[in-house]
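The numbering of the sequence shown is the numbering used here, which starts it at 918 and goes up by one. As structure tokens, the structure follows; a few thoughts come after it.
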Amino acid sequence: VDSIKRTVLVIKRAISPPPPGIWLKRGRPPHPFPIHHHQSAMAAILARKSLSALRSRQLALAGQALQSQNHNGMVFVTRSFATKQSFSTDKDDEEREKLVKEISKDWSSVFERSINTLFLTEMVRGLMLTLKYFFEKKVTINYPFEKGPLSPRFRGEHALRRYPTGEERCIACKLCEAICPAQAITIEAEEREDGSRRTTRYDIDMTKCIYCGFCQEACPVDAIVEGPNFEFATETHEELLYDKEKLLENGDRWETEIAENLRSESLYR
């Protein structure tokens, strides 16, 4: 019986699913198929066969003991041995029945898995979930013909703004160049006739930009901003190297939206 217990314990450990995270420790993914349910059924069958073999062996030993009753006058001893053997057999039968009941519990999971496979319960459950959301209001839009709303704080394509008089806002302080963490901005300046500074070069490498918005926050005159446009994909790398003329063109195109967004966020700046 002890050997049967050990055999059943080894089989159950072999077929039981592993604890969570064990595959991460071992460095390999779990088996894609739930084979432990089929293995549990095989383990139950093997255990039953082992118990039957053990019972047959004990009956054979009892028969041999009864046949040797009259040998060398050992009748009393043999009968006592047979009585003891039968008592131990009854005790072992109880233990075997407990083992069989314990192993038969695995059949419930096998039966449940068989029902799910036969009647496709998981598929029906998924179809019911699909039908549940099929008649609800759609949350998708037909992009690019339909576009969703954007936040006033959206950081898109860069632009250089002008004053209503047409004069450039940039004063060449180079704060945006200094604060840029990606070092994507390059500025060159010269002195004007009236003594003020003006930019002769304002380049932004859009392939380096991380759209953090630091340049817009650092600018004291709201000259450099990140506008609402996010559709500026190009076919070549050179087209993403913006110069001053390109940035001023973006500012003239999106000035209305940019000014409205800045006014809506004026309380939080």
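All C-beta atoms in this analysis are idealised placements derived from N, C-alpha and C, irrespective of residue type, glycine included.
- Looking at the DSSP output, Thr1103 shares a beta bridge with Asp1120.
- Here Pro1081 has no same chain residue with a Cβ atom under 8 Å from its own Cβ, once five neighbours each way along the sequence are excluded.
- Considering only Lys1161, Phe1051, Asp1139 and Arg1114, the residue with the shortest C-alpha distance to Asp1122 is Lys1161.
- Ile1096 sits in a helix when the DSSP states are folded into three classes.
- In the DSSP assignment, Val1142 falls within the unbroken beta strand (DSSP E) covering Ile1141 to Glu1143.
- For Leu1077, the secondary structure class from DSSP, reduced to helix, strand or coil, is strand.
- The three-state secondary structure of Arg1180, taken from DSSP, is helix.
- Beta-bridge partners of Tyr1159 (DSSP): Ile1121.
- Excluding its 5 nearest sequence neighbours in each direction, Arg1078 has C-beta neighbours in its own chain below 7 Å: Arg1086, Asp1139, Ala1140, Val1142, Gly1168, Glu1172 and Ile1175, listed in chain order.
- Out of Arg1030, Ser1026 and Arg1070, the CA that lies nearest to the CA of Ser1181 is found in Arg1070.
- Comparing C-alpha distances from Pro1098 to each of Cys1129, Ser1068 and Gly1073 shows the shortest one belongs to Cys1129.
- With respect to the C-alpha of Pro1137, the residue from Phe1062, Ala1089 and Arg1109 having the closest C-alpha is Ala1089.
- The residue among Leu1157, Phe1051, Leu1092 and Glu1039 with its C-alpha nearest the C-alpha of Phe1131 is Leu1092.
- With contacts defined as CB atoms closer than 9 Å, Glu1074 and Asn1146 qualify as a contacting pair.
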